[in-house]
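All remarks here apply to the structure that follows.
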Amino acid sequence: MAMNEGGAPGGTSFEDVPEDEILPCGRELAQVWEQAETGEPDPHTAGCPHCADALRALRSLEDAVARTRDDEPQEHTWDTTALAGRVMDVVRLELRPGRTLPLGEADEDAWIVEAAAARTFRAAVDSLPGVRAGSCRIEADPQDTVRPAAAPPPGRLPRGPARIRVEVQVGLSWNLQLVADEVRARIVAAADRELGMRVAAVDVVIADLLDDEGTEGRQG
Amino acid sequence: MTEQQAPRALADVVGSAVLATRGVAFLRPGLAELLRSSVGLGAGRGTSGAAGASGVRVERGKGSQGLDIEVYVVLSRGHRALDVTRAVRSAVVAALEEQAPEAVSARVRVTVTGVV
Amino acid sequence: MPGERGRAPEDEDASLPHEDALLVVRAAEGDDEAFEALVHRHAPVLLRLATRLLGSPTEAEDAVQEAFVSAWRKLPEFRGDARFGTWMHRIVTNRCLNVLRSRQPVTALDSVPEPQAPEHQVSPPRAAEAHAAVQDLSRAIQGLSPEQRVCWVLRELDGVPYESIAESVGISQEAVRGRVFRARRYLTEAMAGWR
Numbered sequence: 001m002a003m004n005e006g007g008a009p010g011g012t013s014f015e016d017v018p019e020d021e022i023l024p025c026g027r028e029l030a031q032v033w034e035q036a037e038t039g040e041p042d043p044h045t046a047g048c049p050h051c052a053d054a055l056r057a058l059r060s061l062e063d064a065v066a067r068t069r070d071d072e073p074q075e076h077t078w079d080t081t082a083l084a085g086r087v088m089d090v091v092r093l094e095l096r097p098g099r100t101l102p103l104g105e106a107d108e109d110a111w112i113v114e115a116a117a118a119r120t121f122r123a124a125v126d127s128l129p130g131v132r133a134g135s136c137r138i139e140a141d142p143q144d145t146v147r148p149a150a151a152p153p154p155g156r157l158p159r160g161p162a163r164i165r166v167e168v169q170v171g172l173s174w175n176l177q178l179v180a181d182e183v184r185a186r187i188v189a190a191a192d193r194e195l196g197m198r199v200a201a202v203d204v205v206i207a208d209l210l211d212d213e214g215t216e217g218r219q220g
Numbered sequence: 221m222t223e224q225q226a227p228r229a230l231a232d233v234v235g236s237a238v239l240a241t242r243g244v245a246f247l248r249p250g251l252a253e254l255l256r257s258s259v260g261l262g263a264g265r266g267t268s269g270a271a272g273a274s275g276v277r278v279e280r281g282k283g284s285q286g287l288d289i290e291v292y293v294v295l296s297r298g299h300r301a302l303d304v305t306r307a308v309r310s311a312v313v314a315a316l317e318e319q320a321p322e323a324v325s326a327r328v329r330v331t332v333t334g335v336v
Numbered sequence: 337m338p339g340e341r342g343r344a345p346e347d348e349d350a351s352l353p354h355e356d357a358l359l360v361v362r363a364a365e366g367d368d369e370a371f372e373a374l375v376h377r378h379a380p381v382l383l384r385l386a387t388r389l390l391g392s393p394t395e396a397e398d399a400v401q402e403a404f405v406s407a408w409r410k411l412p413e414f415r416g417d418a419r420f421g422t423w424m425h426r427i428v429t430n431r432c433l434n435v436l437r438s439r440q441p442v443t444a445l446d447s448v449p450e451p452q453a454p455e456h457q458v459s460p461p462r463a464a465e466a467h468a469a470v471q472d473l474s475r476a477i478q479g480l481s482p483e484q485r486v487c488w489v490l491r492e493l494d495g496v497p498y499e500s501i502a503e504s505v506g507i508s509q510e511a512v513r514g515r516v517f518r519a520r521r522y523l524t525e526a527m528a529g530w531r
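From first to last, the protein sequence lines are chains A, B and C. Residue 156 in this note's numbering sits at position 156 of the first sequence; the count goes up by one each step and never skips. Residue 318 in this note's numbering sits at position 98 of the second sequence; the count goes up by one each step and never skips. Residue 381 in this note's numbering sits at position 45 of the third sequence; the count goes up by one each step and never skips.
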C-alpha cells in the first residue's frame, strides 16, 4: 500500500519550503536540526547565535509536542469496547467457515464447519500445560472414504473419517514425542466426546518452542 | 395452504422445532449462501422456491414427493455436536408429522456453523 | 536518543508478539474469536495513532474500524513476515492519509502563515502557557500537507524511526526526512516566529 505521490491536487505546493535554507552563519538549517536530533557534537553550533536561535525554535516545538503527548489520555484508558463491537458486527457477516465436514456415521446427514471444529480442537490442545495450538486444518480422509449411499452434497466433503493437521507451540520442558502423543490423544478425545466426528489420523507439527514464560525461546 | 406458501410455513415449523432443541443456541441467519460461495462450487441447487432465510431452508425434493430441509445451527458449548444434530433431526421430523402430516419423507440435513 | 524516538511502532503495542502470531494464524483460518482478541489488544494504540493523525476522535474511530475490517478480509493472505501490530499500523496510517487527502481543500497554501500573536507571550502562568502551546500546535498542524502531517506525526508523536515510516507509507527514507524537516520548519514558523 504505497503512498500515492502527488495524488492530491495542490499538495505539491506544501513542499515549497526550501530544503536548503541557509542560516546567516552559512550553515544549512536542515543540517543543524538533524545534528541536534542525532546528538552529533558540533563546535560551531555550540557558539553560534544563529544556530542557537534555530535550535531554540526546534526545542520549543519539541516542548509543545511533549505537552501534547502528556495531554493525551493514557493508552489503557481509551475505551475501545464500542469500536470492537462494530468491527465484530461486520466480521460476523463475513465469516470464513472453511470446509464442511461430516459428523457421525457415513449414512447420516450431519455436518460441522471446519472453523467450529478447529476451535474445539485448539481448545483441547490448549488444555495441556505449556501447549498452544495454532493452525488446525481438517479434511475428510479420501483414502478412508466409505462410498456413501449417495454422492456428497455439492460443496461437501465425502463422508469419510477426518484427517486433522495441527501446529502447536510447546514449552521447552516437554519431551517432543510425548507432547505429540498427548496432543493427538486430546484431539481424538475431543472429536469423540465434544463433536462426534470420526478421525482417521492426527498429524501434529511442533511449530515453535516456548520458554517457561510463554515467550519465544530464542528471544531469551 | 398453496404450493407457494407451503415451504415458508414449513420453514417456520422447522425453525421452532430446531430452536426448542437442547444444545441449540440459535439458527444461523443467511449462512447457507455464504457456505456455498466459500467452497467455490457454485450455487448447487437452485434457490428458486426455497424458503427460510434464517438458517432453515425448505425445498420440494427434486422428482420426489418428499421435502429437502437444511438447518444451520450454532450450538451452546458443552453439548456433543452430533447428539444435538440427531436431536434436531428427530425434533424436525416429529414437528412435521404433527403439524404438517402431508410433508412426509422429509430429508433433514443439519449443519453446525458455530459453537458459542 | 531523546524521548520516545527510535522505537519501532510494534514495540509499544505488542507486549506478547508470540501470542499475536498465534491469534493471527487462528483468525486467518476463520476463528473470529481470535480476531476479536486481536482487535481488543491493538485497538487502543491504533486509535491513539489515528487520533494523532486526523485530530478528530470520531474520524479516528471510523478509520480504525475500517482498517480492522479490511484486515479481517486480507488476513488469509497475511503471511506473517511482519508483526500484526506493524501491519495494522500501516493499514491505519494509509487509511488516515487518504482521509487527510480527501479532506484537503484544493487551494494552494504556498507560504507559511503569519505567526499568531497569542496572549501567552506576556509571561502568563506556566500551566496556561503549556495549554496554549498545545493549542497552537494542534492548530498549526492543520496547515501541513497530508504527506507532511503523516510523516511528522509518525516521527514526533509516535516515535517511529525514519526507515519504518518510509516502509509504512511507501516512499524513500530521504523523502520522509525531507517531509519531516519541512513540517518542522513550517511548525516552528507558525507557532512562534523565532527570527
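Where is the CB? At the ideal position from N, CA and C, for every residue including glycine.
Problem set entry | Beta-carbon neighbours of Val328/B, restricted to chain A and to distances below 9 Å | Translated into the one-based positions of the second sequence, residue 328/B becomes position 108. What Val328/B touches in chain A: Asp109.
For this session: Assign Asp472/C to one of two classes, buried (16 or more other C-beta atoms within 10 Å of its C-beta) or exposed (fewer than that).
Result: In the third sequence, the residue the question calls residue 472/C occupies position 136. Classification of Asp472/C: buried, given that the 10 Å Cβ count is 16 or more.
For this session: Go through the region 59–97 of chain A residue by residue and report every complete run of the alpha helix (DSSP H) that reaches 4 residues or more, in order.
Result: 81–91
Exercise. If you draw a straight line from the C-alpha of Ile164/A to the C-alpha of Glu108/A, how long is it?
Worked result: Sequence index remark: in the first sequence, residue 164/A carries index 164 (1-based). Sequence index remark: in the first sequence, residue 108/A carries index 108 (1-based). Approximately 21 Å between the Cα atoms of the pair.
Problem set entry | 7 Å Cβ cut-off: residues of chain A touching Leu385/C | As a first step, residue 385/C is located in the third sequence; it is residue number 49 there, counting from the start. The contacting residues do not exist; Leu385/C stays about 11 Å from chain A at best.
Exercise. Name the residues in the region 225–250 of chain B whose C-beta lies less than 7 Å from a C-beta of chain A; which are they?
Worked result: none
Exercise. Of all the CB atoms in chain A, is at least one closer than 8 Å to the CB of Met424/C?
Worked result: The residue labelled residue 424/C in the question sits at position 88 within the third sequence. Met424/C does not count as touching chain A.
Exercise. Taking the C-alpha atoms as reference points, what is the distance between Val125/A and Gly243/B?
Worked result: The residue you call residue 125/A lines up with position 125 of the first sequence. The residue you call residue 243/B lines up with position 23 of the second sequence. Using only the alpha carbons, I get a separation of about 23 Å.
Problem set entry | Rounded C-alpha distance that separates Val375/C from Gly160/A | One-based indexing of the third sequence puts residue 375/C at position 39. One-based indexing of the first sequence puts residue 160/A at position 160. Using only the alpha carbons, I get a separation of about 37 Å.
Problem set entry | With 16 other Cβ atoms within 10 Å as the buried cut-off, status of Gln169/A | Residue 169/A sits at position 169 when you count from the first residue of the first sequence. Buried, by the Cβ-count rule.
Exercise. So is Leu302/B in contact with chain A if we call contact Cβ pairs under 8 Å?
Worked result: Along the second sequence, one-based indexing puts residue 302/B at 82. Judged by the 8 Å Cβ criterion, Leu302/B is in contact with chain A.
Problem set entry | Three or more C-beta pairs below 8 Å linking the region 119–139 of chain A and the region 317–332 of chain B | no
For this session: Identify whether Leu230/B lies in helix, strand or coil by the three-state DSSP scheme.
Result: For the purposes of this step, residue 230/B is identified with residue 10 of the second sequence, where counting begins at 1. Three-state DSSP puts Leu230/B in a helix.
Exercise. Whose CA, out of Glu369/C, Met527/C, Tyr522/C and Ala364/C, lies closest to the CA of Ala407/C?
Worked result: Locating residue 407/C in the third sequence gives position 71, where the first residue counts as 1. Answer by Cα proximity: Ala364/C.
Problem set entry | Same chain, Cβ closer than 6 Å to Cys48/A, neighbours up to 5 away in sequence not counted | By 1-based counting over the first sequence, the position of residue 48/A is 48. Hits under 6 Å: Cys25.
Exercise. If we call anything under 8 Å between Cβ atoms a contact, is Val400/C one with Val360/C?
Worked result: Numbered from its first residue, the third sequence carries residue 400/C at position 64. Numbered from its first residue, the third sequence carries residue 360/C at position 24. Not in contact: Val400/C and Val360/C (Cβ atoms no closer than 8 Å).
Exercise. Does the beta-carbon of Asn430/C have 16 or more other beta-carbons within 10 angstroms, so that it is buried, or is it exposed?
Worked result: Working through the third sequence from its first residue, we reach residue 430/C at position 94. Its Cβ being crowded by 16 or more others within 10 Å, Asn430/C is buried.
Problem set entry | Contacts around Asp42/A, its chain only, beta-carbon distance under 6 Å, and the 5 residues preceding and following it disregarded | Locating residue 42/A in the first sequence gives position 42, counting from the first residue. Answer for Asp42/A: Gln35, listed in chain order.
Exercise. Between Val199/A and the rest of its own chain, which residues show a CB-CB distance below 7 Å, the 5 nearest in sequence each way excluded?
Worked result: Translated into the one-based positions of the first sequence, residue 199/A becomes position 199. Contacts found: Pro161, Ala162, Ile164, Val188 and Ala191.
Problem set entry | Straight-line Cα distance separating Ala201/A from Arg306/B | Here residue 306/B refers to the residue found at position 86 when the second sequence is read from its first residue. Here residue 201/A refers to the residue found at position 201 when the first sequence is read from its first residue. Those two C-alpha atoms are separated by around 25 Å.
Problem set entry | Glu279/B versus Arg300/B - alpha carbon distance | Here the question's residue 279/B lines up with position 59 in the second sequence. Here the question's residue 300/B lines up with position 80 in the second sequence. Approximately 28 Å between the Cα atoms of the pair.
Exercise. Which residues of chain A have a Cβ atom closer than 7 Å to the Cβ of Gln401/C, listed in chain order?
Worked result: Taking the third sequence and counting its residues from 1, the one referred to as residue 401/C is at position 65. Near Gln401/C (Cβ distances below 7 Å), the residues of chain A are Leu83, Arg86 and Val87.
For this session: For my contact list, Leu61/A and Leu385/C are in at a C-beta cut-off of 8 Å; report their separation, rounded to the angstrom.
Result: Looking up residue 61/A in the first sequence gives position 61. Looking up residue 385/C in the third sequence gives position 49. Incorrect: roughly 20 Å between the Cβ atoms, too far for contact.
Problem set entry | Selected residue, minimal CA-CA separation from Glu372/C, among Ala57/A, Asp53/A and Val91/A | Within the third sequence, numbered from 1, the residue matching residue 372/C stands at position 36. Of the candidates Ala57/A, Asp53/A and Val91/A, the one whose C-alpha sits nearest the C-alpha of Glu372/C is Val91/A.
Problem set entry | C-beta atoms of Val294/B and Val335/B nearer than 8 Å | Numbered from 1 along the second sequence, position 74 holds the residue referred to as residue 294/B. Numbered from 1 along the second sequence, position 115 holds the residue referred to as residue 335/B. Yes, these two residues count as a Cβ contact at 8 Å.
Exercise. Between Ala245/B and the rest of its own chain, which residues show a CB-CB distance below 7 Å, the 5 nearest in sequence each way excluded?
Worked result: Taking the second sequence and counting its residues from 1, one reaches residue 245/B at position 25. Here the set comprises Val294, Leu295, Ser296 and Val336.
Problem set entry | Whole-angstrom distance between Arg309/B and Ala106/A, CA atom to CA atom | Reading the first sequence from its first residue, position 106 is the one you call residue 106/A. Reading the second sequence from its first residue, position 89 is the one you call residue 309/B. Rounded to whole angstroms, Ala106/A to Arg309/B spans 16 Å at the Cα level.
Problem set entry | Leu247/B, DSSP secondary structure in three states | Within the second sequence, numbered from 1, the residue matching residue 247/B stands at position 27. DSSP places Leu247/B in strand when its eight states are reduced to three.
Problem set entry | Own chain residues within Cβ distance below 6 Å of Val276/B, not counting five before or after | Within the second sequence, the letter at position 56 stands for residue 276/B. Cβ neighbours of Val276/B beyond the five flanking positions: Ala231, Val234, Gly235 and Val291.
Exercise. Buried or exposed: which applies to His44/A, given that a residue is buried once 16 or more other Cβ atoms fall within 10 Å of its Cβ?
Worked result: Along the first sequence, one-based indexing puts residue 44/A at 44. The residue in question, His44/A, is exposed, as its Cβ has fewer than 16 Cβ neighbours within 10 Å.
Problem set entry | Chain-ordered chain B contacts of Ala116/A [CB-CB under 7 Å] | To locate residue 116/A, count along the first sequence from 1; it is residue 116. Ordered by position in chain B, the residues that pass the 7 Å Cβ test against Ala116/A are Val332, Thr333, Gly334 and Val335.
Exercise. Straight-line CA distance for Ala110/A to Glu139/A?
Worked result: Counted from its first residue, the first sequence places residue 110/A at position 110. Counted from its first residue, the first sequence places residue 139/A at position 139. About 15 Å.
For this session: Taking only beta-carbon positions, decide if Pro97/A is within less than 8 Å of chain C.
Result: Numbered from 1 along the first sequence, position 97 holds the residue referred to as residue 97/A. Output row for Pro97/A: interface = yes.
Exercise. What's the gap between the Cα of Asp203/A and the Cα of Ala396/C?
Worked result: Position 203 of the first sequence holds residue 203/A. Position 60 of the third sequence holds residue 396/C. In a straight line, the C-alpha of Asp203/A is about 44 Å away from that of Ala396/C.
Problem set entry | Positions along the region 191–204 of chain A whose CB lies within less than 8 Å of some CB in chain D | The structure shown contains no chain D; the protein chains it does contain are A, B and C.
Problem set entry | Between the CA atoms of Val332/B and Ala185/A - distance to the nearest angstrom | For the purposes of this step, residue 185/A is taken as residue 185 along the first sequence, with counting starting at 1. For the purposes of this step, residue 332/B is taken as residue 112 along the second sequence, with counting starting at 1. Approximately 24 Å, taken between the alpha carbons.
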